[in-house]
């Protein structure tokens, strides 16, 4: 019983960690994309 609960909590925390990592990664890629576009637009001027 305790083992089962431990496995479930580990699974839940792993899922939460995955969600957080995905959020961070998408935010980073979004910022990189913005920075790249800014550089690109500045070169065109």
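In the numbering used here, the protein residues as written are 360 to 404.
Each residue gets a CB set at the ideal place from its N, CA and C atoms; glycine is no exception.
Next on the checklist: Here's a check: name, in chain order, each residue in its chain whose Cβ is nearer than 8 Å to the Cβ of residue 390, leaving out the five neighbours to either side.
Outcome noted: Cβ within range, chain order: n/a, list empty.
Checklist entry - Hey, quick one: how far does the alpha helix (DSSP H) through residue 366 stretch, first residue to last? => result Segment 361 to 403, the alpha helix (DSSP H) holding residue 366.
Item to check | Rounded C-alpha distance that separates residue 369 from residue 377 | outcome: In this structure, the straight-line span from the alpha carbon of residue 369 to that of residue 377 is close to 12 Å.
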